[in-house]
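Notes for the one structure printed next.
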Amino acid sequence: MASPAPPLKDAVGGLDRDPFVALLAKLIGESQRLQNDPPALVPQEDLVAQHVVDALRPVSTETDGGPLVVRKVSYTDGRSNVIVEYPGTVPGRVVSFVGMHMDVVPANPSEWDFDPFSLTFEGDDKEKLRGRGTTDCLGHVALVTQLMRRLGEVKPPLKHSVIAVFIANEENSSVTGIGVDGLVKDGLLDKLKTGPLFWIDTADKQPCIGTGGMIPWHLKATGKLFHSGLAHKAINSMELNMDALKEIQTRFYNDFPAHEKEKLYKFASPSTMKPTKWSYPGGGLNQIPGECTISGDIRLTPFYSTSIVVQKLKEYVDDINAGVETKLPTRGPVSKYVLPDENLRGRLEITFDGDVMNGVACNLESRGFQALCKATEEIVGYVEPYSITGSLPLIRELQDEGFDVQTAGYGLLKTYHAKNEYCLFSDMAQGFQVFVSIISQLEDDA
Numbered sequence: 030m031a032s033p034a035p036p037l038k039d040a041v042g043g044l045d046r047d048p049f050v051a052l053l054a055k056l057i058g059e060s061q062r063l064q065n066d067p068p069a070l071v072p073q074e075d076l077v078a079q080h081v082v083d084a085l086r087p088v089s090t091e092t093d094g095g096p097l098v099v100r101k102v103s104y105t106d107g108r109s110n111v112i113v114e115y116p117g118t119v120p121g122r123v124v125s126f127v128g129m130h131m132d133v134v135p136a137n138p139s140e141w142d143f144d145p146f147s148l149t150f151e152g153d154d155k156e157k158l159r160g161r162g163t164t165d166c167l168g169h170v171a172l173v174t175q176l177m178r179r180l181g182e183v184k185p186p187l188k189h190s191v192i193a194v195f196i197a198n199e200e201n202s203s204v205t206g207i208g209v210d211g212l213v214k215d216g217l218l219d220k221l222k223t224g225p226l227f228w229i230d231t232a233d234k235q236p237c238i239g240t241g242g243m244i245p246w247h248l249k250a251t252g253k254l255f256h257s258g259l260a261h262k263a264i265n266s267m268e269l270n271m272d273a274l275k276e277i278q279t280r281f282y283n284d285f286p287a288h289e290k291e292k293l294y295k296f297a298s299p300s301t302m303k304p305t306k307w308s309y310p311g312g313g314l315n316q317i318p319g320e321c322t323i324s325g326d327i328r329l330t331p332f333y334s335t336s337i338v339v340q341k342l343k344e345y346v347d348d349i350n351a352g353v354e355t356k357l358p359t360r361g362p363v364s365k366y367v368l369p370d371e372n373l374r375g376r377l378e379i380t381f382d383g384d385v386m387n388g389v390a391c392n393l394e395s396r397g398f399q400a401l402c403k404a405t406e407e408i409v410g411y412v413e414p415y416s417i418t419g420s421l422p423l424i425r426e427l428q429d430e431g432f433d434v435q436t437a438g439y440g441l442l443k444t445y446h447a448k449n450e451y452c453l454f455s456d457m458a459q460g461f462q463v464f465v466s467i468i469s470q471l472e473d474d475a
């Protein structure tokens, strides 16, 4: 009689430092060519994809060395996605790890204390792993690759298929259809809908249960340019824009106040609308500007609709334009936004960029969330789910398509998109154990 298989945690073990660090060094070594800021910087994710494929090939069906089914999917030259499957025995049972993206945000070496494009260490213990992408998100690419390789080596009998999806083009939304959005459109991820999907691209080892939507906006004010010594003949576009923005913000906060569900999801802040940038055509200090633009963004908790907010802002602007002489205060005895003798009125126009994103509120009743929380408490020692109004692209679209999306990550939030980015090996090692615990819990379900 055959002896029973050992528990999955015992069979798989922990994260092996040497192959993890060796793979991560290869990935960070490619990071200069992974920077995503088109048109100047177009990443070549295929460089990372090939390293992933090479690491898994010995335990893949391609070489008959193992059970892993590895597939590269490209929608444009040099920019691949990779789908890896460890097949389970029961159809329809699946757990997936998705979102480990193979592009990075730009880094300026002159602003860093070390080379961002090579993996370096701080201290003899090599605990701190430094370089662009260590936290976001090449560290996770290396981590999940090691998880899948270990499954391929050990070959544990699992009812669930374990699927990993490494994606292109997460850091920029000006180009679409070549990353996870293309995979979803082509139905290549449909089988993931029957089980929890863990999006591995957050930080700090805790479940991230909510993210914010994002609406980039531009408020242009048009007045009348004139000599600053004859202010009574001008419409000061800067004053108009400042007063209008204050009125628009007041209406926004009245219509979209803190939502009652934000406490349940532990959002650090409610929805906000704020300016972040000024621009105007230029001119002398003795010229009252005839036009200027204030730009900014709205960060919206997922309990409000971005489309409704956009419509409301348009209505605010239309209403102010219709009565600019009465709806806004003025500044000083000759400040005005209407010149009746010249039949001139100050005017506002609001526009929005195309990359509006919706926020996400994860399903707190799902089996995936329960498994993630239990695994986190078991491995990390505590569980404190959190939400932020920072935005993660793509995952709301997955949720709307019917995927049970949960999010987690094992880098450091304080180094996300920052200079001198790094992660800790011990955090990544805990992430590996969390993944194994999740799979084990799901396997124990009837």
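Everything in the sequence shown is counted per our numbering, starting at 30 for the first residue and increasing by one.
Every residue, glycine too, gets a C-beta built ideally from N, C-alpha and C.
Because the structure is a prediction, the values reported are computed rather than measured.
Where V338 is concerned, the enclosing alpha helix (DSSP H) starts and stops at T335 to A351. The continuous beta strand (DSSP E) containing L329 extends over residues E320 to L329. Cβ neighbours of H247 within its own chain (closer than 6 Å, five residues either side excluded): T322, S324 and T380. Taken atom to atom, the span from the alpha-carbon of T105 to that of Q64 is near 16 Å.
Rounded to the nearest angstrom, the gap between the Cα atoms of N137 and K188 is 47 Å. The DSSP-derived three-state label of L56 is helix.
The alpha-carbon separation between I317 and K262 amounts to approximately 10 Å. Distance from the Cα of E426 is smallest, within the candidate group L218, V98, R100 and P310, for L218. Here P422 is buried: its Cβ has 16 or more other Cβ atoms, across all protein chains shown, within 10 Å. In the DSSP annotation of this structure, the continuous segment of the beta strand (DSSP E) that includes M302 starts and ends at T301 to S308.
Comparing alpha-carbon positions, the option among D233, A404 and S109 lying closest to V209 turns out to be S109. For the set E140, G42 and T163, the Cα lying nearest the Cα of F150 is the one of T163. DSSP places E426 within a helical segment (H, G or I) once states are collapsed to three. Under the DSSP assignment, I277 falls in the alpha helix (DSSP H) whose first and last residues are S266 to D284.
Within the same chain, P135 and N201 come within 7 Å of D66 by CB-CB distance, once the 5 residues on both sides are set aside. Closest by C-alpha distance to D474, out of R62, I112 and V123, is V123.
Close CB contacts of N315 within its chain, under the 8 Å cut and outside five residues either way in sequence, are with H256, S257 and G258 (chain order).
Going by DSSP, G128 is part of the beta strand (DSSP E) stretching over V123 to H130. Boundaries of the beta strand (DSSP E) around S190: S190 to I196. Between A287 and G440, the CB-CB gap reaches or exceeds 8 Å.
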